[in-house]
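Trainee: Take a look at this one; I'll ask things after.
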Amino acid sequence: MDVTIINPFIASITDVMPQLGFENINLKAQKEKSKKIVASGIVLTLGIVGDKKGNVAYAIDTEGAKQIASTMMMGMPVDELDDMAKSAISELSNMLTANAAINFSNDNITVDISPPTMLTGESIELSMSKDQVMCVEFDIDGILIEINVALD
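Adding 2 to a residue's 1-based position in the sequence shown gives its number in the numbering used here.
Structural data, given as structure tokens:
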């Protein structure tokens with residue numbers, strides 16, 4: 003596994019999530035996957051261009067996404083993923099990926115990111131931009147988040 007590709011994203015989770023009010027951030031697994039990603043709930047994809055090219059996809063189940071949106075909105079109850087909650091989750095993916103871009107720049111790697119695209123549903127199938135995908139799974143205050151990174 004090429005840690006130079008995944009480490010900026012791991013660091014972004016551990017840097018950004020506590021700033022939003024999350025306390026327990028545990029790295030559960032790191033693994034390689036094929037380019038086909040299947041997830042249920044919410045999937046957010048962002049393109050990456052520059053010295054590294056590819057994409058990143060964040061996968062969160064629906065209940066976890068509601069909990070994250072609630073925390074980001076200062077504890078406001080989130081019973082459904084309405085436009086406000088979806089906006090909060092999209093902004094989280096933007097914040098995490100922008101922070102990863104800053105982490106890349108600290109290693110003299112320049113990248114730019116696209117705005118996020120959100121997919122919702124059951125058994126969402128996504129084809130990543132590269133054949134080899136680095137995957138990191140986090141448990142954040144009981145919420146499972148999967149980050150899939152395909153860069154070269």
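Yeah, the Cβ is synthetic: ideal placement off N, Cα and C, and Gly gets one too.
Keep in mind it's a predicted model, so treat the numbers as computed, not measured.
Are the stretch 23-36 and the stretch 94-112 touching by the rule of at least three beta carbon pairs closer than 8 Å?
Mentor: Result no; under three Cβ-Cβ pairs closer than 8 Å.
Trainee: Skipping 5 residues on each side, what residues in its chain have a beta carbon closer than 8 Å to that of residue 53?
Mentor: 106, 111, 112 and 113, listed in sequence order.
Trainee: Can residue 59 and residue 39 be called in contact, C-beta distance under 8 Å?
Mentor: A contact, by the Cβ cut-off of 8 Å.
Trainee: Please work out which residues of its chain come closer than 7 Å, Cβ to Cβ, to residue 18, disregarding the five sequence neighbours upstream and downstream, and give them in chain order.
Mentor: Correct list, in chain order: 97, 98 and 101.
Trainee: At which residue ranges does the stretch 63-145 contain complete alpha helix (DSSP H) runs of 4 or more residues, listed in the order of the chain?
Mentor: Those alpha helix (DSSP H) runs which fall completely within the stretch 63-145 and span 4+ residues are 64-74 and 85-108.
Trainee: Would you say residue 91 and residue 64 are within 8 Å of each other, going by their C-beta atoms?
Mentor: Cβ atoms of residue 91 and residue 64: not closer than 8 Å.
Trainee: Can you round the beta-carbon distance between residue 28 and residue 141 to whole angstroms, since I take them to be within the 8 Å contact cut?
Mentor: Between residue 141 and residue 28 the Cβ distance is about 5 Å, and since that is below 8 Å, they are a contact.
Trainee: Looking at the unbroken alpha helix (DSSP H) that takes in residue 14, where does it start and where does it end?
Mentor: Here the alpha helix (DSSP H) through residue 14 covers 5-21.
Trainee: For the beta strand (DSSP E) containing residue 38, name the first residue and the last one.
Mentor: Per DSSP, residue 38 belongs to the beta strand (DSSP E) from 38-52.
Trainee: If residue 89 and residue 79 are in contact, beta carbons under 8 Å, what's the gap, nearest whole angstrom?
Mentor: Contact doesn't hold; Cβ gap of about 16 Å is too wide.
Trainee: I believe residue 7 touches residue 136 by the beta-carbon criterion, under 8 Å. Please report the beta-carbon distance rounded to the nearest angstrom.
Mentor: Right, their Cβ atoms sit about 6 Å apart.
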